[in-house]
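Read in order, the letters of the sequence shown are residues 1088 to 1279 in my numbering.
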Amino acid sequence: YKDAMKNVNFLDNHDKTRFFSEIGEDVDKFKIGIGWLLTARGIPQLYYGTEILMKGVANPDGWVRLGFPGGWPGDKENKFERSGRTASEDSAYNWVRTIANYRKKTPALQTGKFTQFVPEDGVYTYFRYDNNKTVMVVMNTMEKERSIQTGRFAGHTKGFTKAKNIVTANTQNLSGTWTLPAKTIWILELEK
């Protein structure tokens, strides 16, 4: 495509099996997928219900086009309200909301440059950056924890000393070896 920044990225849509069903209802894979969708270059498209772990297989297509639960008088459940969501649904909703709101206020994720590194041992790392901010995304897609040497990314981390996780607010040094838990994504804002 002529301009990859204008591509629309999606995990599911009205013609595809819902993402949560596609990944075997694995919440860790869900978090990795959503993290990628909202930090990769391009325009993210979030299909309604994905944020509350809606399920459905695209055979027939009607199963992935069921209405969002709630919002109308007489509905038995209302997933629009926290009180209507299960703990898992609410956790997923908050995960999506946190990362989507961060993207909304971070031009580096909207229009910034994109540099990715060849995955090693199931760990994929990329950077989104502009003149004002650098965001590092690290994902371990494996079933076991993995270690990475941060020196591999020195060209993009030079001048920074810390990395702050935008979901947990935990901060870690930008040097040495990091150990990533199994099936994890870290979205890190680099700091001086």
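Ideal Cβ positions, reconstructed from N, Cα and C, are used throughout, including at glycine.
Note that the structure is a prediction, hence the values are computed from the model and not measured.
**Study point:** Where V1095 falls, given that 16 or more other Cβ within 10 Å makes a residue buried
**Key:** By the Cβ-count criterion, V1095 is exposed, with fewer than 16 other Cβ atoms from all chains shown falling within 10 Å of its own Cβ.
Check your understanding: How is the beta strand (DSSP E) around T1212 delimited, first residue to last?
Key -> Run containing T1212: V1210 to Y1216, per the beta strand (DSSP E) assignment.
Point to revise | Backbone secondary structure at L1287 - three-state DSSP | key: Residue numbering for the chain in the displayed model covers 1088 to 1279; residue 1287 lies beyond these limits and cannot be assessed.
Check your understanding: Smallest Cα separation from T1173: which of P1156, G1161, Y1189 and P1160?
Key -> Distances from the alpha-carbon of T1173 to those of P1156, G1161, Y1189 and P1160 put P1156 closest.
Practice item. With a floor of 4 residues, list each alpha helix (DSSP H) that falls wholly inside the segment 1105 to 1153, ordered by position along the chain. Key: If we require 4 residues or more, the alpha helix (DSSP H) runs fully inside the segment 1105 to 1153 come out as 1106 to 1109 and 1114 to 1126.
Point to revise | Nearest neighbour of E1278, chosen from T1248, T1255 and I1253 [CA to CA] | key: Between E1278 and the set T1248, T1255 and I1253, the nearest pair of CA atoms involves T1248.
Review point. Do I1235 and V1210 have their CB atoms nearer than 9 Å?
Key: For I1235 and V1210, yes; Cβs fall inside 9 Å.
Point to revise | Exposed unless 16 or more other CB atoms sit within 10 angstroms - verdict on K1270 | key: By the Cβ neighbour-count rule, K1270 is buried, with 16 or more other Cβ atoms within 10 Å of its own.
Point to revise | C-alpha gap between A1145 and K1245, whole angstroms | key: When rounded, the distance between both Cα atoms is 46 Å.
Review point. Is there at least one non-hydrogen atom of the ligand PLP closer than 8 Å to the beta-carbon of L1196?
Key: This structure lacks the ligand PLP; in fact it carries no ligand of any kind.
Exercise for review: Run through the segment 1179 to 1208 for me and flag every whole beta strand (DSSP E) of 3 or more residues, listed as ranges in chain order.
Suggested key: Complete beta strand (DSSP E) runs here, min 3: 1200 to 1207.
Check your understanding: Is M1229 helix, strand or coil by DSSP?
Key -> DSSP, reduced to helix, strand and coil, places M1229 outside both helices and strands of the structure shown, so it counts as coil.
Check your understanding: If you count every other CB in all the chains shown that lies within 10 Å of the CB of R1239, and 16 or more means buried, which is it?
Key -> Taking all protein chains shown into account, R1239 has fewer than 16 neighbouring C-beta atoms within 10 Å of its C-beta and is therefore exposed.
Point to revise | Inter-residue spacing [alpha-carbon to alpha-carbon] between T1198 and G1161 | key: C-alpha of T1198 to C-alpha of G1161: approximately 43 Å in a straight line.
Review point. Do W1032 and M1226 have their C-beta atoms closer together than 9 Å?
Key: Look at the range of the chain in this structure, 1088 to 1279, and you will see that residue 1032 is not part of it.
Review point. What residue from E1109, I1119, A1250 and F1106 has the CA that sits closest to P1268's CA?
Key: For the residues E1109, I1119, A1250 and F1106, the minimum Cα distance to P1268 belongs to I1119.
Practice item. Grab me the residues of T1228's own chain with a C-beta within less than 6 Å of its C-beta, minus the 5 sequence neighbours each way, in chain order. Key: Cβ within range, chain order: G1209.
Check your understanding: How about R1215 and V1224: are their beta carbons less than 9 Å apart?
Key -> Yes, they are a contact pair.
Check your understanding: Nearest to N1218 by alpha carbon, out of T1237, G1111, Q1203 and T1193?
Key -> Looking from the CA of N1218, the closest CA among T1237, G1111, Q1203 and T1193 belongs to T1193.
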